[in-house]
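Q: The listed protein sequences correspond, in order, to chains A and B.
Just add 715 to the spot in the first sequence (first one is 1) and you have the numbering used here.
Just add 820 to the spot in the second sequence (first one is 1) and you have the numbering used here.
Cβ coordinates follow ideal geometry from the N, Cα and C atoms, glycine included.
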Amino acid sequence: MCRIGSIKSKVAFSPSKALYLMLPQQEGHDNSGFAMVMQDLYGIFTPYKDKPLLSLACTQRGAQMVEDFMDSHNWEQVAEWIPVPNDQPGLDIKAMPYYIFRNYDYPEYYRDKPMAEKEELLLDMRLKLREILEKAGEGYVYSFWPDVLTLKEIGDPRDIATYFRLWDDNGCLMAKSVVVQCRQNTNYDIVRYAAHPFFLQGYTLCANGENTFYTKNKEFQKSLHRGYVGFESDSQNFLYTLHYVLHELKWPIEYYKHVITPLPFTEINQREDKDVLTSIRQSLAHLEINGPNTIIANLPDGRMLTCCDSKKLRPVVVGRTDTMVAIASEVCGLNEIMPDRDMSQDIYPNEREVVVIDNDLEVQRWKQ
Amino acid sequence: METIKVRDITKSDLKWNIEYIAERCTMCGSCVSTCTFGAIKAGVMRVDKIFSQNIKPDPQNTHKTIPVIKQVKTLANACVGCGMCAKVCPNDAIKPVRNTDDNRQTLMAHDAGPVKRGGRTNLNAQRTLDHIIVGRISQMTDPSLDSIRHTFDVRSPFGRVLPAKSLPFILKDGKLTMAHKAPPVQWIYPLIFSDMSIGALSTRAWEAVAMAVAYLNEKCGLPVRMSSGEGGMPSKLLESEQLKYMILQIASGHFGWNRIVKAIPKMKTDPAGVLIKIGQGAKPGDGGLLQAAKVAEHVQAIRGVPKATLSSPPNHQGLYSIEESVQKMHLSLNAAFGFRVPVAIKCAASATSVSVYNNLLRDPYQICGGFFIDGIQGGTGAANEISLDHTGHPIVSKIRDCYLAAVKQGLQGQIPLYGGGGIGMTGNAAADAFKMICLGANGVFVGKMLIQLLGCVGNEHGRCNACNTGNCPTGICTQDPRLVKRLDVEYGAERIVDYVLTFDKELRKLMAPIGNSSLPVGRSDALVSTDAAIAKQLGIQYVC
Ligand code: SF4
Ligand code: SF4
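(1) I'd like the list of long-range same chain contacts for Asn881/B, defined as Cβ closer than 6 Å, with 5 residues on each side in sequence excluded.
(2) Interface residues of chain B around Asp990/A at Cβ under 9 Å?
(3) So, are the CB atoms of Ala1020/B and Gly1051/B less than 8 Å apart?
(4) Under 7 Å: does the beta carbon of Val1277/B sit that close to some heavy atom of ligand 2?
(5) Closer than 7 Å to a non-hydrogen atom of ligand 2 - does that hold for the CB of Pro916/B?
(6) Tell me whether Val1119/B, by its Cβ, gets closer than 7 Å to a heavy atom of ligand 1.
(7) In the DSSP output, which residue or residues are listed as bridge partners for Pro767/A?
(8) How should His973/A be labelled, buried or exposed, when 16 other C-beta atoms within 10 angstroms of its C-beta is the threshold for buried?
(9) Does the beta-carbon distance from Ile1086/A to Gly870/A come in below 8 Å?
(10) The alpha helix (DSSP H) with Leu1303/B in it runs from where to where?
(11) State yes or no: is the beta carbon of Val1227/B nearer than 8 Å to at least one beta carbon in chain A?
(12) Please classify Asp786/A: is it buried, with 16 or more other beta-carbons within 10 angstroms of its beta-carbon, or exposed?
(13) Run through DSSP, which three-state label would Pro762/A get?
(14) Looking only at its own chain, which residues have a Cβ that is under 7 Å from the Cβ of Lys1082/B, when we skip the five neighbours before and after it?
(15) What first and last residue would you give for the alpha helix (DSSP H) that runs through Ala1412/B?
(16) Using the Cβ count rule (16 or more neighbours within 10 Å means buried), how would you classify Ile886/B?
(17) Does Tyr1065/B come out as helix, strand or coil in the three-state DSSP assignment?
(18) Nearest to Arg918/B by alpha carbon, out of Lys831/B, Lys884/B, Leu1130/B, Arg980/B?
(19) DSSP has His883/B in a bridge; who is on the other side?
(20) Answer yes or no: do Lys766/A and Tyr819/A have a C-beta to C-beta separation smaller than 8 Å?
(21) Contact criterion: CB-CB distance below 8 Å. Does Ser967/B meet it with respect to chain A?
(22) For Trp966/A, which of helix, strand or coil comes out of DSSP?
(23) Using a Cβ-Cβ distance under 8 Å, would Ser938/A count as near chain B?
(24) Please report whether the beta-carbon of Glu1051/A lies at a distance below 8 Å from any beta-carbon of chain B.
(25) Let me check you understand the geometry: is the CB of Asn911/B closer than 7 Å to at least one non-hydrogen atom of ligand 2?
(26) I'd like to know if Ser1337/B contacts chain A, where contact means its C-beta is closer than 8 Å to some C-beta of that chain.
(27) In angstroms, rounded to a whole number, what distance separates the CA positions of Leu1259/B and Gln951/A?
(28) Going by the C-beta, is Phe928/A closer than 7 Å to any heavy atom of ligand 1?
(29) If you measure from the CB of Gly1244/B, is any heavy atom of ligand 1 nearer than 7 Å?
(30) Between which two residues does the alpha helix (DSSP H) carrying Gln925/B extend?
(31) Following a CB-centred definition, is Gly1247/B positioned closer than 7 Å to any heavy atom of ligand 2?
(32) Does the beta-carbon of Pro1293/B, which I'm using as the reference point, lie nearer than 7 Å to any heavy atom of ligand 2?
(33) With 16 as the cutoff for other CB atoms within 10 Å, does Gly1267/B come out buried or exposed?
(34) When you compare each of Ser1132/B, Asp1015/B, Phe857/B to Thr1289/B by their alpha carbons, which one comes out closest?
(35) Check whether the Cβ of Trp796/A lies closer than 7 Å to any heavy atom of ligand 4, and answer yes or no.
(36) Taking only runs of the beta strand (DSSP E) that begin and end inside the segment 829–868 of chain B, which ones reach a length of at least 3 residues, in chain order?
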């Protein structure tokens, strides 16, 4: 299993905190990569919170292709951060030539459109860029969304952090929320797109485990939405279902767990809302998840969520202080970054539980 | 000296020969009276015997006429290999043996018109499912489940499932509620007892199956459903609580529906569903057939017919297109039960099954509650042998094709797929069902296997298969009260119950190692095949 983690804080923090959360948990293949999605950005991105931020890793030619494409579609660049790497010898990193984090303004005729329309446009642009870069084999685009930054790389997370100068805590890259994971795909080919967290239209998700219903999830999701692409990892299924339930069906968040790990029929039949739960179970039977899993997700409104599989085969723990909540696969990660918290308040969600942290760091938990 | 009669039927012309050991036979007569086909008779034989009566050897020769059991050498009374004589003989003096060397019986039987029989295809009994292995085992990367300790949700939908976006949900105080009813869907056990009618079966055999169903539901908590077959049901059952376990079948002859329609106002509960039978895997394109020998008085009463050979037409009259069938039959049957009961359709597997399924999936009424596809290896009570052996379509790739056709359109799961025809042919229905489910079926249906559990000795290698004659030696497939007495109803029902309980355990034994606690519908990644052609056709991994 790979270990996953997330931090949500009232005070903006540097990515090094995410590394401190993850490194004590490392085991086995865990030191094979680093991937994080930061949300609610500060530092150099503070002035551009409403401007879509493109995160990509590419070659020089790829960078040119992206620029040409964005120009030809009337996107206006408003800010850019290109990390200057610390390329010291001996680092374990398979770096790409360029990492580009660039804020754009919408094309003029789109600026006054409702957010819902902009969201669709942002997705279309990302998919198009992905297609162009993938076809040419010149790079990877991870996210294109306001106030969201994605960084993924292959190698030892400590060295990756050195390369990107994340240990410096120089205040340039800051956020109030991050979802993180330190491992490349160990089951299949190592491709950058297979590293979670995954991102889609404001939804970020990291999953630790194996989804044994990958094939049936994938076959179903492929025709549900144009944004459900890639499928390089079985964890993408969780993200797409989250997006489908909340963004497409617009159901309340309580129903996500009912879709991925429905209650057994014997339990459904004893509930008052059995008609609704049965309908969900039968209509979305192909989105059910089996196998051992835990997920951590970030929602567009900033809330963070965690839950696990229906047999509780994978661990997760939530720890909190007055200013910060962190979620990790193993408690040693929490002990590293919040040693003084009241451990008796730690939450170990059970197989039927969902834990949501809102923007005031209030923790809501309920049983499915 | 006798003259040779080359045109006579002799033992060597018949498919089954009687092997008889005169020295063991005490002439008790049991075999002759047991044989329902008149295939053996008592007779005499002149034998040469050498004997010695002195203390010293003193061999003497004598001619004797002794009583023996003889095989009747006519086509009408040909032995069918049922083995009842062997079962009844206290001295192991007699048994049928297959004559592998001759086909003259088939050839000559054609004198009397198309050959009719029951059972399954004897020509196309190949087993695709045995070339498929559950090859993706959860180890290390994800743990297997424990088939005994963990809970498993072994249920399948029966009814029209709406896409999530069409569910009649409204949001009230942060909760989803139903604005109005959705089409009825039942979650049932993935093993359906398939349509064998009263008439094809003896009432007692049918009752044994129905008893097993009631027991499995009420005592074992397994919601197994049984299809009535085209032949109606006893009024008592129609008006009982147990009706909820029954799927009422309507086929082209509409037999029994007079009584069913009349019983509707008196029904205490809704039936589990209605199954419109368009075709049957064993004899596609051919209607139902119940030969006069089996149309006993009670069958006449239930079906509302005189004593005569009952042939259902090959088509439902008036259904000249698929739109007609969806609109007319589905709507009227849905309406008959107030849209509370799923109405499904059963077709013989065919090269056209995918088109049929596509039509049903795309029908704007969203009214078809299940697509049952019956493969060539399905059984029947009576059919023309030419249909049995030479028409039809194997079920395995057909289920897969239909599932993948739905996947292509994102419509999988909306009309549950049930596959049948040869499921459990080798005795292990759980393995067959599991593989079919991984390939895309929601469940399977079985018929022949059930009567085999009751005692039927027929098989797909030409044994017995005399279900059409009224002479069923086990009392299952006959209306002759003396033969029906041979059937032990309670014992038979118990066997079915025991089998299903084992089936349930075995299904878990397959779900656990692939790490699934609910049915792996469409999990083709769990399967591998040792046959490259099969792997290619089904889209699963080839392994060797
Ligand atoms: S095997 Fe059956 S049909 Fe043949 S002689 Fe024996 S009882 Fe009769
Ligand atoms: S035993 Fe009866 S039901 Fe079985 S094959 Fe023979 S005639 Fe048919």
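A: The short version:
(1) For the purposes of this step, residue 881/B is taken as residue 61 along the second sequence, with counting starting at 1. Only Ile870 meet the Cβ criterion.
(2) Position 275 of the first sequence, counted from the start, is the residue given in the question as residue 990/A. Here the neighbours are Thr997, Met998, Lys1001, Ala1002.
(3) Counting from one through the second sequence, the residue named residue 1020/B turns up at place 200. Counting from one through the second sequence, the residue named residue 1051/B turns up at place 231. Closer than 8 Å, so yes.
(4) Sequence index remark: in the second sequence, residue 1277/B carries index 457 (1-based). Yes, since a heavy atom of ligand 2 falls inside the 7 Å radius drawn around the Cβ of Val1277/B.
(5) Looking up residue 916/B in the second sequence gives position 96. For ligand 2, not one heavy atom lies less than 7 Å from the Cβ of Pro916/B.
(6) On the second sequence, position 299 is the one that residue 1119/B refers to. Checking every heavy atom of ligand 1 against the Cβ of Val1119/B, none is found closer than 7 Å.
(7) For the purposes of this step, residue 767/A is taken as the residue at position 52 of the first sequence. Bridge partners of Pro767/A: Pro861/A.
(8) The residue you call residue 973/A lines up with position 258 of the first sequence. So His973/A counts as buried.
(9) No statement about residue 1086/A is possible, as the shown extent of chain A runs from 716 to 1083 and does not include it.
(10) Looking up residue 1303/B in the second sequence gives position 483. Residues 1301–1304.
(11) One-based indexing of the second sequence puts residue 1227/B at position 407. It does; some Cβ of chain A falls within 8 Å.
(12) Translated into the one-based positions of the first sequence, residue 786/A becomes position 71. Answer is exposed; the Cβ neighbour count stays below 16.
(13) Locating residue 762/A in the first sequence gives position 47, counting from the first residue. The three-state secondary structure of Pro762/A, taken from DSSP, is helix.
(14) Against the second sequence, residue 1082/B aligns to sequence position 262. There are no such residues.
(15) With chain B represented from 821 up to 1364, any question about residue 1412/B goes unanswered, as that position is not in the structure.
(16) Here residue 886/B is taken as the residue at index 66 of the second sequence, counted from 1. Exposed is the call here.
(17) The count along the second sequence starts at 1 and reaches residue 1065/B at position 245. Shown here, Tyr1065/B sits in a helix according to DSSP, grouped into three states.
(18) Counting from 1 along the second sequence, the entry for residue 918/B is found at position 98. Among Lys831/B, Lys884/B, Leu1130/B, Arg980/B, the Cα nearest to that of Arg918/B belongs to Lys831/B.
(19) Reading the second sequence from its first residue, position 63 is the one you call residue 883/B. The bridge partners DSSP lists for His883/B are Asp868/B.
(20) Within the first sequence, residue 766/A is the residue found at index 51, counting from 1. Within the first sequence, residue 819/A is the residue found at index 104, counting from 1. Closer than 8 Å, so yes.
(21) Locating residue 967/B in the second sequence gives position 147, where the first residue counts as 1. No, because no Cβ of chain A sits closer than 8 Å to the Cβ of Ser967/B.
(22) The residue labelled residue 966/A in the question sits at position 251 within the first sequence. It is coil, neither helix nor strand.
(23) Within the first sequence, numbered from 1, the residue matching residue 938/A stands at position 223. Yes, Ser938/A counts as interfacial toward chain B.
(24) Stepping through the first sequence from its first residue, residue 1051/A is reached at position 336. Not a single C-beta of chain B is nearer than 8 Å to the C-beta of Glu1051/A.
(25) Counted from its first residue, the second sequence places residue 911/B at position 91. Not under cutoff, so the answer is no.
(26) Taking the first residue of the second sequence as position 1, residue 1337/B is located at position 517. Residue contact check for Ser1337/B against chain A: a CB pair falls below 8 Å.
(27) Within the second sequence, residue 1259/B is the residue found at index 439, counting from 1. Within the first sequence, residue 951/A is the residue found at index 236, counting from 1. Straight-line Cα distance between these residues: approximately 23 Å.
(28) Your numbering for residue 928/A matches position 213 in the first sequence. No; taking the cut-off as 7 Å, the Cβ of Phe928/A has no heavy atom of ligand 1 nearer than that.
(29) Counted from its first residue, the second sequence places residue 1244/B at position 424. Because no heavy atom of ligand 1 lies under 7 Å away, the Cβ of Gly1244/B does not count as near it: no.
(30) Counted from its first residue, the second sequence places residue 925/B at position 105. Unbroken alpha helix (DSSP H) run through Gln925/B: 924–929.
(31) If you number the second sequence from 1, residue 1247/B lands on position 427. No, since every heavy atom of ligand 2 falls outside the 7 Å radius drawn around the Cβ of Gly1247/B.
(32) Stepping through the second sequence from its first residue, residue 1293/B is reached at position 473. Answer for Pro1293/B: yes, Cβ within range of ligand 2.
(33) Sequence index remark: in the second sequence, residue 1267/B carries index 447 (1-based). Per the 10 Å Cβ criterion, buried.
(34) By one-based count along the second sequence, residue 1289/B stands at place 469. Of the listed residues, the one whose Cα sits closest to Thr1289/B is Phe857/B.
(35) Although ligand 4 was asked about, the structure shown includes only ligand 1 and ligand 2 as ligands.
(36) 836–840
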